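Asker:
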Amino acid sequence: MSAGTADADVRPGYFGPFGGRFVPEALSGALDQLEAAWEAAASDPAFLTELDTLRRQYGGRPTPLYRAGRLSEEAGLEVWLKREDLAHTGSHKLNNVVGQALLARRMGKPRVIAETGAGQHGVATATAAALLGLSCTVYMGAEDCRRQRLNVVRMQLLGATVVPVESGTRTLKDAINEAMRDWVTNVADTHYLIGSAMGPHPFPTLVRELQRVISTEMRAQFAAQAGGLPDAVVACVGGGSNAIGAFADWIPEPAVRLVGVEAAGEGVATGRTAATVSSGREAVLHGSRSLVLVDDEGQVRPAHSVSAGLDYPGVGPEHAWLATSGRAEYVAATDTEALHGFRRTCELEGIIPALEPAHAVGWLLRHGRDHLGEGARAVLNLSGRGDKDVDEVVRVAGWDVGVDRAFRGGEA
Amino acid sequence: MTADPRGPAAVAAAFGRARAEGRAALVAYLTAGYPDPATSRACLAAAAAGGADVIEVGLPFSDPIMDGPVIQAANQAVLDAGVRLDEQLAIARDGLAGAGVPGVAMTYTTVADTRGWTRFADDCAAAGLDGAILPDLPVPEAGPWRAAAGARDLATVFLAASVSTDARLDDIVAASVGWVYAVGLLGVTGVDAVDDAATRILVDRIRARTSTPVAVGIGVRDAGDAARVAGYADGVIVGSALLRAAADGDPAGAAGRVERLVADLRRGVAGG
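Which chain is which? The protein sequence lines are A and B, in order. Each residue of the first sequence is one higher than the last, beginning at 15 in the working numbering. Each residue of the second sequence is one higher than the last, beginning at 157 in the working numbering.
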């Protein structure tokens, strides 16, 4: 099963039939420049030392691997959580962002732009821009700005300009369109700091390599704390950056099952879903060929998920390849299952997870034992923390946790 | 019209006629189905009547990353109205029937690739179109499309930008059949004005490599812009301004507004 990576290198920039570089000619030079800059940086000890130092001293790495005893009991599995929620800015996003921001500086580009769905990547980009003195503009769907107000304010405090995107479905895909349009216009002085494992080559590879630190740490920690190899590594998948980072070091290790959990929304069969691998078809979106939610004429269908961060109609091309080659399996958790996972992680472990990895928790609680076998050892990549989600979750789920009583007579 | 040429020959003839008249060719872009199917057909015919030498027919896509607000809105309006690809192609066929000018499809990779490269080429040819432009399909990814288009004798127009390297320009001119599309600025359609200094250099770099005509598009807003660009290019492409004219008032008057603006632009490309 190590074919996953071997075959992937047949055509540069491709993973089997997926990937490539489908972009306006104006971006060709910038993508070549980025590819060359990354190639040089990846073998430059000074760059790698600076990246590693920032990750440790600024970003809080390595993040812990934690055996979640009460979740394990409820799931009938041995559940380990890779605590990316404890990294600076509250998610795995900074791993990639610091690396690309250093590349932007190396390329002499004083401005970075980013798309964001739930705001985690936007916050991370705004953070790195402040750290390195870069100017920063973040595109965010207007609907997502509403759902993730806290992160909008965080980005603004960090000095970024947040542009609410009113076009299309006013969510992540439209934010990416606007960021692409900005990049086509300002390519001379601007780096588009893509946050997911998608986009034109070299982004899917670059983002995987910068997120690889998750699985590298996970592997060493698991061997030291649990011994041996886990039976499965489980991660949520929107575009797929945390999952590709959590999978990367395990891809050549066939004994370890890799499970990507997509957002089923209201259910894969309802059509109101973001489960791209389950219900997408091969098509080009945002610069690469992958599996995409398109209709039979190639028009992109709106994705639906309770989670703004997974609400994306595409998936990174390497995930499409891992799925079709059989190296990884992709399953889906509904909004309801994700909300259940969110609630139980709070109650059983004292951890408020982001809604994105709550999908992985929800799937594990509902289907993990059947799918992986009683007592299987599973590492779940807890890709972010859920502060940003609390108001929306309580509103959508309709839980009576006492918010009204606490604020009775107050401003709420 | 007697035995009009088709495909690349029709496009070459259109540029040739303009050159023989001592002017640049005028290429007019309109989105198929906008603002509604009947008006769209009338606008295509009006663009031809007003003096366009070549007509680009936009086939809408939900996520057009090269387009600014005007063409984005037009694309979305057509899709929201439920006008699907076959109807868009029929609008192109009917609107340009008997117009005596070549038509070229303009759409995105996802639309053409989802239909299938061969079937898309077949459908363009069946609609009477003479070629296609796919602005997010760079030459290194275009092998299957070029093969399908070549087999149906369709023009394949590729975009070149001021940031294209010499090696990429070599590939772009080698792959371009009909004309080479020099982008007039780094940016999207319908927002900023042509960057004449950079575009002039780009046109010269392309001309040094090929005798295929070079047309400049993106950022040509009016007859004045058209006249300036006509001073250094073989063709001038106008899109957003025509859609603005089509939408600016009563649909019944759209064709008249388009025809008047095209006529004005035509005076522009002839030197003002």
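Note that CB positions come from ideal geometry on N, CA and C, so glycine has one too. Keep in mind the model is a prediction, meaning the values are calculated, not measured.
1) Identify the contact partners of T366/B in chain A, using a Cβ-Cβ distance below 7 Å as the criterion.
2) Return the residue from the list Q228/B, T187/B, S320/B and D223/B that minimises the CA-CA distance to E212/B.
3) Kindly indicate if chain A contains any beta-carbon less than 8 Å away from that of V376/B.
4) Using the three-state DSSP reduction, which class does R357/A fall into: helix, strand or coil?
5) Output the boundary residues of the beta strand (DSSP E) element that contains E92/A.
6) Going by other Cβ atoms of all chains shown within 10 Å of its Cβ, with 16 needed for buried, is F171/B buried or exposed?
7) List the endpoints of the continuous alpha helix (DSSP H) containing G113/A.
8) Taking any Cβ of chain B, which residues in the stretch 90 to 124 of chain A have a Cβ under 7 Å from it, in chain order?
9) Tell me which residue opens and which closes the alpha helix (DSSP H) that M212/A is part of.
10) If we ignore side chains and look at the alpha-carbon of each, how far apart do P234/B and A184/B end up?
11) Should L299/A be flagged as near chain B, meaning a C-beta pair shorter than 8 Å?
12) Can you list, in chain order, the residues of the stretch 29 to 55 of chain A whose Cβ is nearer than 7 Å to any Cβ on chain B?
13) Nearest CA to the CA of S149/A: which residue from D158/A, A278/A and M169/A?
14) If distances are taken between C-alpha atoms only, which option among K402/A, D58/A and V112/A comes closest to G133/A?
15) Say whether the stretch 376 to 391 of chain A touches the stretch 404 to 418 of chain A, bearing in mind that this needs 3 or more beta-carbon pairs closer than 8 Å, one atom from each stretch.
16) Does V213/B have its Cβ less than 8 Å from a Cβ in chain A?
17) For D263/A, is the classification buried or exposed, using 16 other Cβ atoms within 10 angstroms of its Cβ as the cut-off for buried?
18) So, at 6 Å on beta carbons, what are the nonlocal neighbours of D291/B in its own chain, with the 5 sequence-adjacent residues on each side left out?
19) Using a Cβ-Cβ cutoff of 8 Å, what residues of the stretch 130 to 149 of chain A are near chain B? List them in chain order.
20) Under 8 Å between C-beta atoms, does S210/A make it to chain B?
21) Is it true that the stretch 367 to 384 of chain B meets the stretch 216 to 233 of chain A, where meeting means three or more beta-carbon pairs spaced less than 8 Å apart?
22) I'd like to check one pair, G391/B with A180/B: are the Cβ atoms closer than 8 Å?
23) Given a cut-off of 8 Å, decide if A288/A and G279/A are closer than it, judged by their beta-carbon atoms.
24) Mind checking whether G178/B and A419/B have CB atoms under 8 Å apart?
25) What is the rounded straight-line gap between the Cα of S105/A and the Cα of E276/A?
26) Is A152/B close to chain A? Criterion is C-beta to C-beta, closer than 8 Å.
27) A22/A CB to nearest chain B CB: under 8 Å?
28) Starting from the beta carbon of V267/B, find every residue of chain A whose beta carbon is closer than 9 Å, and list them in chain order.
29) According to DSSP, is P178/A part of a helix, a strand, or is it coil?
30) Tell me, please, whether the CB atom of K402/A is closer than 8 Å to any CB atom in chain B?
31) What runs of the beta strand (DSSP E), each 3 residues or longer, lie entirely inside the stretch 242 to 313 of chain A?
32) Distance check for G30/A and V248/A, CA to CA, integer angstroms please.
33) Mind pulling the chain B residues with CB within less than 7 Å of S181/A?
34) For a contact defined as C-beta to C-beta under 8 Å, what are the partners of M194/A on chain B?
35) Checking contacts by CB at 8 Å: is T151/A closer than that to chain B?
36) Check each residue of the stretch 276 to 309 of chain B: if its Cβ is closer than 8 Å to any Cβ of chain A, include it; give the result in chain order.
Answerer: Looking at the atomic coordinates:
1) Position 210 of the second sequence, counting from 1, holds the residue named residue 366/B. None at all; the shortest Cβ gap to chain A is about 16 Å.
2) Reading the second sequence from its first residue, position 56 is the one you call residue 212/B. Nearest of Q228/B, T187/B, S320/B and D223/B to E212/B, Cα basis: T187/B.
3) The residue labelled residue 376/B in the question sits at position 220 within the second sequence. False, the Cβ-Cβ gap to chain A never drops below 8 Å.
4) For the purposes of this step, residue 357/A is taken as residue 343 along the first sequence, with counting starting at 1. Helix at R357/A.
5) Within the first sequence, the letter at position 78 stands for residue 92/A. E92/A -> beta strand (DSSP E) spans E92 to R97.
6) Indexing the second sequence from 1 puts residue 171/B at position 15. Under this definition F171/B is a buried residue.
7) In the first sequence, counting from the first residue as 1, residue 113/A sits at position 99. Where G113/A is concerned, the enclosing alpha helix (DSSP H) stretches over K107 to R120.
8) none
9) Here residue 212/A is taken as the residue at index 198 of the first sequence, counted from 1. Element bounds for M212/A: n/a, residue is neither H nor E.
10) Locating residue 234/B in the second sequence gives position 78, where the first residue counts as 1. Locating residue 184/B in the second sequence gives position 28, where the first residue counts as 1. Note that residue 234/B is Val in the sequence shown here, rather than Pro. Distance between the alpha carbons of V234/B and A184/B: 19 Å.
11) Numbered from 1 along the first sequence, position 285 holds the residue referred to as residue 299/A. With a threshold of 8 Å between beta carbons, L299/A makes contact with chain B.
12) G34, R35, F36, V37, P38, E39, A40, S42 and G43
13) Reading the first sequence from its first residue, position 135 is the one you call residue 149/A. For S149/A, the nearest C-alpha among the options comes from M169/A.
14) Taking the first residue of the first sequence as 1, we reach residue 133/A at position 119. With distances taken between Cα atoms, G133/A lies closest to K402/A.
15) no
16) Along the second sequence, read from residue 1 onward, the residue named residue 213/B stands at position 57. So, not an interface residue.
17) The residue you call residue 263/A lines up with position 249 of the first sequence. By the C-beta density criterion, D263/A is buried, having at least 16 other C-beta atoms within 10 angstroms.
18) If you number the second sequence from 1, residue 291/B lands on position 135. The sequence shown places Pro at residue 291/B, not Asp. So the qualifying residues of the chain are M222 and L315.
19) none
20) On the first sequence, position 196 is the one that residue 210/A refers to. It does not: the Cβ of S210/A has no partner Cβ on chain B nearer than 8 Å.
21) no
22) If you number the second sequence from 1, residue 180/B lands on position 24. If you number the second sequence from 1, residue 391/B lands on position 235. Closer than 8 Å, so yes.
23) The count along the first sequence starts at 1 and reaches residue 279/A at position 265. The count along the first sequence starts at 1 and reaches residue 288/A at position 274. In contact: G279/A and A288/A (Cβ atoms closer than 8 Å).
24) Reading the second sequence from its first residue, position 22 is the one you call residue 178/B. Reading the second sequence from its first residue, position 263 is the one you call residue 419/B. No, they are not a contact pair.
25) For the purposes of this step, residue 105/A is taken as the residue at position 91 of the first sequence. For the purposes of this step, residue 276/A is taken as the residue at position 262 of the first sequence. Cα to Cα, the separation comes out at about 18 Å.
26) One cannot answer for residue 152/B here, as it falls past the ends of chain B, which runs 157 to 428.
27) Here residue 22/A refers to the residue found at position 8 of the first sequence. Residue placement at A22/A is poorly supported in this model, since its pLDDT is 48, which falls under 50; the coordinates are not used for a value here.
28) Here residue 267/B is taken as the residue at index 111 of the second sequence, counted from 1. Within chain A, the residues near V267/B are E311, G312 and Q313.
29) Position 164 of the first sequence, counted from the start, is the residue given in the question as residue 178/A. In the structure shown, P178/A sits in a strand (DSSP, three-state: E or B).
30) Here residue 402/A is taken as the residue at index 388 of the first sequence, counted from 1. Taking Cβ atoms only, chain B never reaches closer than 8 Å to K402/A, which makes this a no.
31) Whole beta strand (DSSP E) segments, 3+ residues: 246 to 251, 271 to 279, 295 to 299 and 302 to 306.
32) Your numbering for residue 248/A matches position 234 in the first sequence. Your numbering for residue 30/A matches position 16 in the first sequence. Going by the C-alpha atoms only, they are around 23 Å apart.
33) Locating residue 181/A in the first sequence gives position 167, counting from the first residue. Those within 7 Å of S181/A in chain B are Q228.
34) As a position in the first sequence, residue 194/A is number 180, starting the count at 1. In chain order: I221.
35) To locate residue 151/A, count along the first sequence from 1; it is residue 137. Output row for T151/A: interface = no.
36) P291, D292, L293, P294, P296 and E297
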